[in-house]
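Residue numbers (the working numbering), protein chains in the order written: chain A, 5 to 115; chain B, 12 to 125.
Single-structure report; data block below.
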Amino acid sequence: RKEVEQDPGPFNVPEGATVAFNCTYSNSASQSFFWYRQDCRKEPKLLMSVYSSGNEDGRFTAQLNRASQYISLLIRDSKLSDSATYLCVSEGNTGFQKLVFGTGTRLLVSP
Amino acid sequence: EPEVTQTPSHQVTQMGQEVILRCVPISNHLYFYWYRQILGQKVEFLVSFYNNEISEKSEIFDDQFSVERPDGSNFTLKIRSTKLEDSAMYFCASGTRDRTYEQYFGPGTRLTVT
Numbered sequence: 005r006k007e008v009e010q011d012p013g014p015f016n017v018p019e020g021a022t023v024a025f026n027c028t029y030s031n032s033a034s035q036s037f038f039w040y041r042q043d044c045r046k047e048p049k050l051l052m053s054v055y056s057s058g059n060e061d062g063r064f065t066a067q068l069n070r071a072s073q074y075i076s077l078l079i080r081d082s083k084l085s086d087s088a089t090y091l092c093v094s095e096g097n098t099g100f101q102k103l104v105f106g107t108g109t110r111l112l113v114s115p
Numbered sequence: 012e013p014e015v016t017q018t019p020s021h022q023v024t025q026m027g028q029e030v031i032l033r034c035v036p037i038s039n040h041l042y043f044y045w046y047r048q049i050l051g052q053k054v055e056f057l058v059s060f061y062n063n064e065i066s067e068k069s070e071i072f073d074d075q076f077s078v079e080r081p082d083g084s085n086f087t088l089k090i091r092s093t094k095l096e097d098s099a100m101y102f103c104a105s106g107t108r109d110r111t112y113e114q115y116f117g118p119g120t121r122l123t124v125t
């Protein structure tokens, strides 16, 4: 089983739509989770950390369900500039914060 | 806003040659990392570095790889004898423990081995 699993997409949505990405992780001992955004041939950029209580940053909401080992990202009112690959990431629980990446979900927002 | 920088942005080398990839982490960060991403694949962890020593390494990080922090600002990744399969984007990252282990990535070095 992959450590972090995501639907690769692509998700094609019109501007203004709401889109949700899901991710599952296999290491139940992982403590920290993140969503990164990666544009084509660029570095991963931290979008948000994911907390058990859920967190929101503007149009973005992240949720963590530890019982189901499931993480989600909701994007409201999609913009053209949201087109990118969204990487679900867990901390590897080895004490030194190795990050374990999913393969990413590609989002295409069209006018 | 402070950021991680990396040089060069693109390195072309012949198989068997040594390469050194350079990174300047964010200045108050204490944890440093190298990751790589083969084209079309996911980002993979190579090595973490803390307190002037390797704290963890992956199975990819074999004897051909080494890391060093030669001074107070630079962090380098050396590949001693490059192979074709080392062709990838190499990302340096740095972080602290102050904010739930968030790591910030540099723009990457694209390594092409011919």
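We put the CB at the ideal spot given by N, CA and C, even for glycine.
What first and last residue would you give for the beta strand (DSSP E) that runs through residue i?
i: A:Glu60; result: 59 to 61
i: B:Cys103; result: 99 to 106
i: B:Leu41; result: Here B:Leu41 belongs to no beta strand (DSSP E), and DSSP marks it neither H nor E.
i: B:Arg80; result: Note, B:Arg80: premise wrong, no beta strand (DSSP E); not H, not E.
i: B:Glu67; result: 64 to 68
i: B:Ser59; result: 55 to 61
Residue i CB to nearest chain A CB: under 8 angstroms?
i: B:Gln22; result: no
i: B:Phe86; result: no
i: B:Ser77; result: no
i: B:Pro36; result: no
i: B:Glu12; result: no
i: B:Tyr101; result: no
i: B:Val124; result: no
i: B:Phe117; result: The question names Phe, but residue 117 of chain B in the sequence shown is Gly. It does: the Cβ of B:Gly117 has a partner Cβ on chain A nearer than 8 angstroms.
Quick check on DSSP: helix, strand or coil for residue i?
i: B:Glu14; result: coil
i: B:Leu32; result: strand
i: B:Ser92; result: coil
i: B:Leu50; result: coil
i: A:Ser82; result: coil
i: A:Ile75; result: strand
i: A:Ala33; result: coil
i: A:Asp90; result: What sits at residue 90 of chain A in the sequence shown is Tyr, not Asp. A:Tyr90: strand per DSSP, three-state reduction.
8 angstroms is my cut-off, CB to CB: does residue i come that close to chain B?
i: A:Ser36; result: yes
i: A:Glu95; result: yes
i: A:Glu19; result: no
i: A:Gln67; result: no
i: A:Thr28; result: no
i: A:Phe1; result: Missing from the structure shown is residue 1 of chain A; chain A here goes from 5 to 115 and no further.
i: A:Pro50; result: Looking at the sequence shown, residue 50 of chain A is not Pro but Leu. Judged by the 8 angstroms Cβ criterion, A:Leu50 is in contact with chain B.
i: A:Gly108; result: yes
i: A:Gln73; result: no
i: A:Ser53; result: yes
Which word fits residue i, buried or exposed, when buried means at least 16 other C-beta atoms lie within 10 angstroms of its C-beta?
i: B:Met26; result: exposed
i: B:Thr123; result: exposed
i: A:Arg41; result: buried
i: A:Thr109; result: buried
i: A:Ala88; result: buried
i: A:Cys27; result: buried
Stretch-stretch touch, CB-based, cutoff 8 angstroms, three pairs: the stretch 57 to 77 of chain B with the stretch 61 to 78 of chain A: With the cut-off at 8 angstroms, the stretch 57 to 77 of chain B and the stretch 61 to 78 of chain A do not touch.
Contact between the stretch 103 to 110 of chain A and the stretch 16 to 34 of chain B (3+ Cβ pairs under 8 angstroms): Counting Cβ pairs under 8 angstroms, fewer than three are found: no touch.
Given 8 angstroms, three or more beta-carbon pairs between the stretch 28 to 39 of chain B and the stretch 90 to 109 of chain B: Short answer: they touch.
Three-pair Cβ contact test at 8 angstroms for the stretch 16 to 30 of chain A versus the stretch 73 to 87 of chain A: Under the 8 angstroms Cβ criterion, the stretch 16 to 30 of chain A counts as touching the stretch 73 to 87 of chain A, having at least three qualifying pairs.
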